[in-house]
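Chains as they are written, first to last, in UniProt numbering: chain A, 1 to 379; chain B, 1 to 379; chain C, 1 to 379; chain D, 1 to 379. The beta-carbon is built from N, C-alpha and C at its ideal position, and this holds for glycine as well. To keep things clear, I will list the structure first and then write my remarks on it.
4 protein chains.
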Amino acid sequence: MKPLNIGMVGYGLMGRAHTNAFRQANQFFSLGHRPVLKAVCGRDGKKAKAFAKNWGYESVETDWKALVARPDIDLIDIAATNNVHAEIALAAAKAGKMVLCEKPLGMSPSESLKMVNAVEKAGVANMVWYNYRRAPAVTMAKQLIEEGKLGKIFHYRAKFLQDWTISADVPQGGAGTWRLDASVSGSGVTGDLLAHCIDTAMWLNGGIESVTGMTETFVKKRKNALTGKKQEVLIDDASAFLARFNNGSLATFEATRYARGHKALYTFEVNGEHASLAWDLHDLHRLEWFDHRDEGNVRGWRSIHLSESEHPYIEHWWIPGVQIGFEHTFTHQVADFIAGLDSGEPARPNFRDGLATDYVTDAVLKSAKTGRWTKVKQA
Amino acid sequence: MKPLNIGMVGYGLMGRAHTNAFRQANQFFSLGHRPVLKAVCGRDGKKAKAFAKNWGYESVETDWKALVARPDIDLIDIAATNNVHAEIALAAAKAGKMVLCEKPLGMSPSESLKMVNAVEKAGVANMVWYNYRRAPAVTMAKQLIEEGKLGKIFHYRAKFLQDWTISADVPQGGAGTWRLDASVSGSGVTGDLLAHCIDTAMWLNGGIESVTGMTETFVKKRKNALTGKKQEVLIDDASAFLARFNNGSLATFEATRYARGHKALYTFEVNGEHASLAWDLHDLHRLEWFDHRDEGNVRGWRSIHLSESEHPYIEHWWIPGVQIGFEHTFTHQVADFIAGLDSGEPARPNFRDGLATDYVTDAVLKSAKTGRWTKVKQA
Amino acid sequence: MKPLNIGMVGYGLMGRAHTNAFRQANQFFSLGHRPVLKAVCGRDGKKAKAFAKNWGYESVETDWKALVARPDIDLIDIAATNNVHAEIALAAAKAGKMVLCEKPLGMSPSESLKMVNAVEKAGVANMVWYNYRRAPAVTMAKQLIEEGKLGKIFHYRAKFLQDWTISADVPQGGAGTWRLDASVSGSGVTGDLLAHCIDTAMWLNGGIESVTGMTETFVKKRKNALTGKKQEVLIDDASAFLARFNNGSLATFEATRYARGHKALYTFEVNGEHASLAWDLHDLHRLEWFDHRDEGNVRGWRSIHLSESEHPYIEHWWIPGVQIGFEHTFTHQVADFIAGLDSGEPARPNFRDGLATDYVTDAVLKSAKTGRWTKVKQA
Amino acid sequence: MKPLNIGMVGYGLMGRAHTNAFRQANQFFSLGHRPVLKAVCGRDGKKAKAFAKNWGYESVETDWKALVARPDIDLIDIAATNNVHAEIALAAAKAGKMVLCEKPLGMSPSESLKMVNAVEKAGVANMVWYNYRRAPAVTMAKQLIEEGKLGKIFHYRAKFLQDWTISADVPQGGAGTWRLDASVSGSGVTGDLLAHCIDTAMWLNGGIESVTGMTETFVKKRKNALTGKKQEVLIDDASAFLARFNNGSLATFEATRYARGHKALYTFEVNGEHASLAWDLHDLHRLEWFDHRDEGNVRGWRSIHLSESEHPYIEHWWIPGVQIGFEHTFTHQVADFIAGLDSGEPARPNFRDGLATDYVTDAVLKSAKTGRWTKVKQA
């Protein structure tokens, strides 16, 4: 078993989720490399140390450049805020490190393109953390579509609904609310939530040809958590778009943080000629499935409980009837990434896939400004 | 089209439900007889008149004996309280009338047996209003079982949960609460609710061989609504039993009026070797179906929306996707009763079927007293 | 009780649904007028006679002009195909008859506007059969919004999904498939299905300010059921749009007949500051409700089973726990229409409301052609 | 942070689940002890070594007596088959080790009583792995009941349904199927599945006073996986019982491995005067909650998605809207066990609680033989 020496940038929610996955993948999957938690990097050294102690990192850095420079690191995992993805990734690639990056890839397609060029030129393994592809139910959706079980696809619809910013008292900026500060996040729900929906959608149903979008910022000014000053909110609170896929199917997409009652309601549905399927993150261990080829009187939507060895990833876990949780979308991604290293067939989504998603979110935001249908650049 | 002259006894909830069914069956079903609302009978002449006017009865009687004596009546429908079922049915049969009777058939198996003997001796058409057999989903359950789709049956479980008598202030006796007065109702939930569960169960899964039961009366004294006096409550508030069917399958049954949050939650589930099915009165237009013969990875419980022409009774109604309501369990029963007259193959459940159910409820009540397993008499 | 003499034009699905409602409203609601089924009018006299016999119409007409001319008719109910709504309504209004009209009102807003002007000038009672307003759950949604329980509304989303035209073998034109023939239907799913969604949406959430839409015709040619010739399909098979309401809330709408597994899945959801609600025609007796003001740890979406006397219309029906069906959306509309006659406060949606919906569908179709956001004319 | 040196007996499913919990508790919970994986013990040294390597155990033993004798072990965790629980526990207690034991505690109440006496005499920390108490939804059920939110409790119903032994070809005995061999398992579903239901039930609703049960063995003979011989099956395939709790509430319990379509459908429902709650292991992250004190028209069953910091254990995990899995019922039990060591208030269920459950299962099995109600011995 070869070591895979990890240098983690960031110790927030995603730093935690990735680290947990690095710690667990090898107990459940038979892999040729074993992640070694070499170092975590964070600007606040005290917090970084506490994180390292809790999770078992061997060392701490407070400057990502120092981390990237370390010869004992094989892989840089960027779990920091969006505004630093690009510079870290470029440096890491240049240093010949493998690079994993939280989504969305860059602050703009042009940033993302540079990142793609950097990793491709350096020839280093690279991946974006669009983790929902690896919820077993989503992976099975992919399998069913690839097997042709749905036939020609007519419709795709996805939404990602939250409700945590309804109060005008939620600030922008700082540790817990940087996603509301456009200078750190790039955009609002378009890059944060719709990006997930788009990555899954293109994986399942191919490229998107054109979009027309609409965005809104319901709360116009919020206090900055760092400065205490009330400032204009520059992110999109809500975003929706219509789309046409390259294969001729139609789609609706929507994301918001103003949908009372929903915490992380990422749902999608695909309607094909013969069959349809639907998924919902709030019950991520289920896939809804309708097959028109079933006998007429007993046709109905099946609620498939993904807890059996026939289901993707599940043979590695527990027993029929019991579910695994959100965190293992990351565990699976680590397992697949390492399996890609082992086999030489890299796992995806890679940076180029991340760029493809960024082209769509960019077209959505542009279209929301011009009020016109916008062609999506193909990555 | 031949007339079928109806004489209705009772104008309460069930009088209303039956009458509505008599009025509607012929618009939706092609039948050889058409019900004619000749007379309704009730002790309170004023209320009976109002009822007759609202529903279109041609005349009113205040004495059921007068109704039974009328030569222009073909069919006596007994929608009165349980304590008068037997005497009216006996007289009606003797007078050569067809007899329909609300459930349960009699106050005791011995009463019920007399009623069976009376109609069989008279050779008159007879039926008990166990209406739930004719919810399309329940009828389809019967079809699936008869087609052998479930294979050998291992388990049956049913419950009927309500919550309307939790308050100790609910009185007993009188128009709205006669079901709490044992002298009028015979028993509590055993005869009122479990009887429904048992009728369906034996229809779907054959005879019940033996039972062991438990009953409870949570509120020991209630005011009598007629006398104003506080009296001991003699009905069972809750009743549950274990059973063995003749075919070797096991069952649990439960009914109560103390299950907070449930209004009329009649549910059953049948588990067979190959497939299982489940139904719930609160969503009566759906049948849940699991077929182990489905391909492994896409096995799941199907929620069948019974609104298509492949489903029992549905071709007579509206359009795919829209549901019919509770009242049409009665409409279907009328339609099938008339179809039975037309064809000479009488519809069921007939009085003998009603007796079979009464034998089970009687065994449950006896067993609850003795604490022992009790053999069920076969009707 | 005053008679309300009905002249029905059409004996298809909607003729049947309206007639059933006219026959039933008075048994369940206390009203000052009682509908009298005077005449049904259809071009095929034989079929019209059969229909009249089945439903109890006193007479038959084969020319709607004759019907309109009859002095014994108070109300003309237009349940014929869309292409004849306008001329019949204009004539009926001119003859001083009350006019009820199936939706959508006209083939185009200009037709609809003429119809509005005609009934308003004649001062006759008028209503459009947007029946879903009167599903009890939808009516309760209206009440909850009007009581301010949701607070400021941020989002509205609706869809109406069917799957009956996926096969390219489904013809266009003729009795069962006139909805696919643009010369008879006006449009495809936009006028047929989205119109329902829009009527409800504006009733619940006020006027729509602007839209951007997308339509598609998946099957380009279909055989004409009348001529047998293969012809271009001119209706929209699928239609989706983004919208902004006058109150600042955002919306997504979608309708299609290519969503495998859905028969008539009309759903809507409204997200407000304090609470959200959602409805689904496939389980029309339920309303989903989330109230953020509930205590933190027990917050959750409530599935309200509308079967109790606290719920709109329900006190007129059966018992707690049992549901009513689709047909009673029409029964309630008749009851409310008559109550409006009785009280002098006309029930709605009236023709002007119908026009408002037609302005939206028109803007959607125009926008789908131009690819631009389109202002909606206000009725 | 003090070490807590673990000696694990067994490396099957439960050995894996416990080990995973020992490895994870400290990353998510702030605790005064940290488990150290000192040794795993299994009769097959090769398998034990592989297990140790995968999970990070420092050493391996093949004789549990050697393990118990090791001075560097603080805690013996018995994850072996039921037939060896007692002797190991007795020895471990005698050696002054803390003892954790898989459920059910012993093969019989007399064995269990000895185990209780041993740990109590030795004064060592002890716990039984009834892990479902610590699904967050189940813990919240406990809180709601303790806060009096339900009021007087009338009904409890639980079932645990599986379908994995329907085929007569499933063998008995050996690694995967020892649960079918009575000499190893003690009983069938009564000890395996009902024991879980009973532990939860008594935790939530207090002691059980008396029961009447029914058991069945559907497949009478199965091949022994070790000997290859066909032998009589001595376990119960299905088991159901009625019960009366000490508090006067009534209950139904059922477990089976013959319920087609259910993998591990452990469900319970509690009906109180004011409120009811229900849970289902197949969606373990949800609790269903009905509160009659809600305003009349918006009363409904709430589906609470346990993913927020107000919910038990959840503040230690991820973000609102995403669920944790089955394995963390064990993680929570480890965290609580250690917190009990830290605070001096031992976590439960302890061995005496396990004995209480064994008294109930024993009464059920006896009652199934005698056909009579049986008093339950109180632990």
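For the region 299 to 332 of chain D, the beta-carbon criterion of a distance under 8 Å to any beta-carbon of chain C is satisfied by R299, G300, W301, R302, S303, I304, H305, E308, E310 and H311. Under a 10 Å Cβ-count criterion, D/G45 is classified as exposed, with fewer than 16 other Cβ atoms of the shown protein chains found around its own Cβ. The three-state reading of DSSP puts C/P104 in coil, since its state is none of H, G, I, E or B. D/Q231 is bridged by DSSP to D/R222.
Bounds of the alpha helix (DSSP H) holding A/E327 are E327 to S343. For A/S276, the neighbours in chain C by C-beta distance under 9 Å run, in chain order, D163, A259, R260, G261 and H262. Excluding its 5 nearest sequence neighbours in each direction, D/W164 has C-beta neighbours in its own chain below 8 Å: V170, R257 and K263, listed in chain order. DSSP lists A/N224 as the bridge partner or partners of A/Q172.
For A/E146, the closest Cβ of chain C is not nearer than 7 Å. By the 16-neighbour rule on beta-carbons within 10 angstroms, D/D72 is exposed. The contact set of A/M140 on chain B, defined by CB atoms closer than 7 Å, consists of N297 in chain order.
Out of C/K53, C/G354 and C/H274, the CA that lies nearest to the CA of C/G151 is found in C/H274.
It is roughly 10 Å from the alpha-carbon of A/T215 to the alpha-carbon of A/E254. DSSP places C/D358 within a helical segment (H, G or I) once states are collapsed to three. From the listed residues D/N54, D/K159, D/Q378 and D/V84, the smallest Cα separation to D/T200 is found for D/K159.
Along the region 353 to 372 of chain D, the positions whose C-beta sits under 8 Å from a C-beta of chain B are G371 and R372, read in chain order. For D/D192, the closest alpha carbon among the candidates D/T19, D/D358 and D/K366 is that of D/D358.
Against chain A, the beta carbon of D/N131 has no neighbour under 7 Å; the closest one sits roughly 10 Å away. When DSSP reads this structure, D/V211 sits in a beta bridge with D/A243 and D/T374. The beta-carbon of C/N82 is placed no less than 7 Å from the nearest beta-carbon of chain B.
If you check each beta-carbon in the region 27 to 53 of chain B against every beta-carbon of chain C, the ones closer than 7 Å belong to Q27.
For D/H282, the closest Cβ of chain A is nearer than 7 Å. Within the same chain, and ignoring the five residues on either side of C/D74 in sequence, the residues whose Cβ sits closer than 7 Å to its Cβ are L4, N5, K97 and M98.
With a cutoff of 7 Å on beta-carbon distance, A/A48 and A/V60 are scored as near each other. The three-state reading of DSSP puts D/Y130 in coil, since its state is none of H, G, I, E or B. In the three-state reduction of the DSSP assignment, D/I145 falls in the helix class. Ranked by how close their Cα comes to the Cα of B/E87, the residues B/M115, B/P104, B/W317 and B/N205 have B/M115 in first place. As the crow flies, the alpha-carbon of C/A240 is around 19 Å from that of A/G207. Following the DSSP letters along the chain, one finds C/P3 in no alpha helix (DSSP H) but inside the beta strand (DSSP E) bounded by residues K2 to V9.
Using a Cβ-Cβ cut-off of 7 Å, B/I166 is close to E273 of chain D, given in chain order. Interface annotation, A/W289: in contact with chain B, CB-CB separation under 7 Å. Taking a Cβ-Cβ threshold of 8 Å, none of the residues of chain D is close to A/W178; the smallest such distance is about 15 Å. By the Cβ test, the region 276 to 284 of chain B is not in contact with the region 285 to 299 of chain D, since fewer than three Cβ pairs between them sit closer than 8 Å. Contact between the region 124 to 132 of chain B and the region 324 to 343 of chain B is established, with three or more Cβ pairs separated by less than 8 Å.
Straight through space, the alpha carbons of D/A195 and D/Y156 are spaced by roughly 15 Å. Assigned with DSSP and collapsed to three states, B/D236 falls in coil, not helix or strand.
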